[in-house]
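> Got a structure here, written out as structure tokens. Questions coming.
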Amino acid sequence: MDWSGPERLQMNMGPQHPSAHGVFRAIVTLEGETVVAVDAVIGYLHRCHEKLSETLTYAQYPSIASKTDYVAAMTSEFAYVLAAEQIGKFEVPKRAQYLRVIVAELQRIASHLLWLGTWCMDMGGALGGGATIFLYCIREREDILDLFEALVGARLLYGFFQVGGTRYDLPDGWIDKCRATVDTIDARIDEYEQMLEDNAFFLARTQSVGTVSRDLAQDVGIAGPLLRGSGVNYDIRKNAPYSSYEDFDFTVPVETAGDCYARYRVRMAEFRQAIAIIRQALDTLPAGPISSRPALKSVAQIRIPKGEAYARVEGPRGEVGSYIISDGSAKPYRMKWRGASFSNLAILPHIIPGHKVADVVAIMGSVDPVFGEVDR
Amino acid sequence: MNAEQARVALASTFGVEIAAGVPVVVTVARERWEQLGRYAKETVGCRFFNFLTAVDWKEQGLEVVARVDNLDENVALMLKTRLGPGVTNCASLTPVYRGAIWMERECFDMFGIHFDNHPDLRRILLDDNWEGHPLLKSYAVDTPHPPYR
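Taken in sequence, the protein lines are chains A and B.
So the first sequence is residues 3 to 378, counted in the numbering used here.
So the second sequence is residues 1025 to 1173, counted in the numbering used here.
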């Protein structure tokens, strides 16, 4: 990277920067107000989950997996247990599959709400008070966290998944509460859209900013709403259905512009699709057991045969995958996390140069990185 | 091309046996690693770079694994190459995929694999002064290291 040049200035954003949504340091090289290069420094939250998972059994690790992406903890547990189930050829009861879908979609809504609120707050007072939409979003997210708390007893890191099914069944009255919550959110999404899309400042700050071409998107391997915002119609729930997603009727929103606004539009449409999936799953929830796994007498009781599998789920930020190599013991020989945020963040050095400093914040927020998942 | 066509084409081009199944797993000699990446992208149409990592098979040496996808035709390729005992050099896929820039940096950080012709090979998650590469099997979880400051 060329740092030289007479009129250039190097500026540090982070590691403690309010717009970073975590600990992230961007060394930006400026020519006046324009960014000419970005060096992303990550790793502040690195705990080496991949090494850790080699020391923990298939019964122990799922609840630790939630600590990779703590904003969408259900998703990472999901990917890990799917990979273990694939190698071990575990049957997952239909009811457990539906429960998994319900919590994964609720998690998607909660995660997108946090993204929308913080992103709009990053872009500041131009959006009519800045923190207004943040507080609205947090209010709705709170209802979903209440649902999770009623289900598993925890609000952020759940331990809901286990190899072979789920650990908890729905408590009494949960279904009605869940329906009421998604109804409220469904109505409020319209309100947010109105607030933002009628706002000329919002449009000016997001349209034609941080454009990712279809080709660059695939080459770097960004996924989820970023990929679909760049015109690639790809959603794992449709293209490689898992956990009975083929039972539900939903569409995959795609935008072609590739800018921050396109990514925003994709996520807004995903709110509604997630709500549609949750309603269908609640309507058709099968009765039956929630796990095929016998009760454990020891954490090392689950053993899966030699082999390897890569299982992936469509998380709020895109493809979250777990690549497990098993040597036949109670722990993986090797486990690789494909963190969606890591790949998504790798797009920044390609798209930020050429933009103004203020746009860096808008672009970074539109990527929706969660640093627990970037650093793992 | 679809997954079955890709399997047949890869098997004949690289002279290896490829079992049927999803994903298509191709193992080649390390000399043909970059060629395999290029073939996957240009001929099989796997333009989506999913991830790249490595596995430490102890005395049998390191294995580099990459996954690429053809999103339009739903083809998934798992590309593998064994570096051999004691070898820590591997061709870089960065001339083919830009996503390999960060993935190979992570792989270098965690396994100490040097990717030839990588434009910016340095640690990415750990500090530059870190000693050792944690995902090697020889690196114990409780390996002591000096305090940060």
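Just so it is clear, CB atoms sit at the ideal spot from N, CA and C, and this is done for glycine as well.
Keep in mind the model is a prediction, meaning the values are calculated, not measured.
1) C1114(B) bridges to which residues according to DSSP?
2) Under 7 Å, CB to CB, which of the residues in the stretch 40-57 of chain A have a partner in chain B?
3) 8 Å is my cut-off, CB to CB: does T1118(B) come that close to chain A?
4) Does DSSP put S246(A) in a helix, in a strand, or in coil?
5) Taking a contact to mean a Cβ-Cβ separation below 8 Å, would you say G260(A) touches V214(A) in this structure?
6) Any chance the stretch 1088-1108 of chain B sits against the stretch 1062-1072 of chain B, with 3 or more Cβ pairs inside 8 Å?
7) Roughly how many angstroms lie between the CA atoms of A297(A) and G166(A), to the nearest whole one?
8) Thinking C-alpha only, which one of Q99(A), V73(A), H48(A) is nearest Y247(A)?
9) Comparing alpha-carbon positions, which option in S1036(B), W1081(B), A1044(B) lies nearest V1052(B)?
10) So, for T1105(B): in the same chain, excluding its five sequence neighbours on each side, which residues have a beta-carbon less than 6 Å away from its beta-carbon?
11) Give, in chain order, every unbroken run of the beta strand (DSSP E) that is at least 3 residues long and sits entirely within the stretch 14-55 of chain A.
12) In terms of residues, what are the limits of the beta strand (DSSP E) holding W339(A)?
13) Using the three-state DSSP reduction, which class does K91(A) fall into: helix, strand or coil?
14) Runs of 3 residues minimum, wholly inside the stretch 280-327 of chain A: which ones carry the beta strand (DSSP E) assignment?
15) For G45(A) versus L1150(B), is the C-beta distance shorter than 8 Å?
16) Examine the Cβ distances between the stretch 267-280 of chain A and the stretch 187-203 of chain A and report whether three or more of them are shorter than 8 Å.
17) Rounded to whole angstroms, what's the CA-CA distance from R97(A) to F80(A)? Just pull it up for me.
18) Taking its Cβ as the centre, do 16 or more other Cβ atoms sit within 10 Å of T57(A), making it buried, or is it exposed?
19) Kindly list, in the order they appear in chain A, the residues whose Cβ is closer than 8 Å to that of Y1063(B).
20) Answer with yes or no whether the minimum CB distance from A342(A) to chain B is below 8 Å.
21) Along the beta strand (DSSP E) that carries L1044(B), what are the first and last residues, could you check?
22) With 8 Å as the C-beta to C-beta threshold (strictly closer), list the residues of the stretch 1031-1056 of chain B near chain A in chain order.
23) Count the other CB atoms, across all protein chains shown, that sit within 10 Å of the CB of E142(A); report buried if there are 16 or more and exposed otherwise.
24) Given 8 Å as the limit, is there contact between the stretch 29-43 of chain A and the stretch 1111-1121 of chain B, that is, 3 or more CB pairs closer than that?
25) Select from the stretch 233-249 of chain A all residues with a C-beta closer than 9 Å to any C-beta belonging to chain B, and list them in chain order.
26) Under 8 Å, with one C-beta from each stretch per pair, do the stretch 169-187 of chain A and the stretch 228-242 of chain A reach the 3-pair mark?
27) Would you decide whether V1165(B) is buried or exposed? Buried here means 16 or more other CB atoms lie within 10 Å of its CB.
28) Please identify, using Cβ separations under 8 Å, the residues of the stretch 1075-1092 of chain B that lie next to chain A, in order along the chain.
29) Looking at C-alpha atoms only, which residue of R269(A), A348(A), A302(A), N346(A) is the closest neighbour of R110(A)?
30) Comparing C-alpha positions only, which one of G16(A), Y60(A), R102(A) sits nearest to T77(A)?
31) Does R1122(B) come within less than 8 Å of chain A when only Cβ atoms are used?
32) Classify F252(A) as helix, strand or coil using the three-state DSSP reduction.
33) Going by alpha carbons, who is nearest to E52(A) out of I66(A), A42(A), D41(A), V43(A)?
34) Do you know whose CA, among W121(A), L115(A), G323(A), lies nearest C139(A)'s CA?
35) Compare the C-alpha of L347(A) against each of V362(A), T208(A), P334(A) and name the closest.
36) Drop a sphere of 10 angstroms on the beta-carbon of N1074(B), count the other beta-carbons inside from all chains shown, and report buried for 16 or more, exposed for fewer.
The structure says:
1) F1139(B)
2) I44, G45, H48, C50, E52, K53, T57
3) no
4) coil
5) yes
6) yes
7) 11 Å
8) Q99(A)
9) S1036(B)
10) V1052, R1054, W1057, V1088
11) 27-33, 36-43
12) 334-340
13) coil
14) 309-317
15) yes
16) yes
17) 15 Å
18) exposed
19) Ordered by position in chain A, no residue passes the 8 Å Cβ test against Y1063(B), which lies about 16 Å from the chain.
20) no
21) It should be noted that the sequence gives Ala, not Leu, for residue 1044(B). Run containing A1044(B): none; DSSP gives neither H nor E here.
22) P1047
23) buried
24) no
25) V234, N235, Y236, N241, A242
26) no
27) exposed
28) F1075, T1077, V1079, D1080, V1089, R1091
29) R269(A)
30) R102(A)
31) yes
32) coil
33) I66(A)
34) L115(A)
35) V362(A)
36) buried
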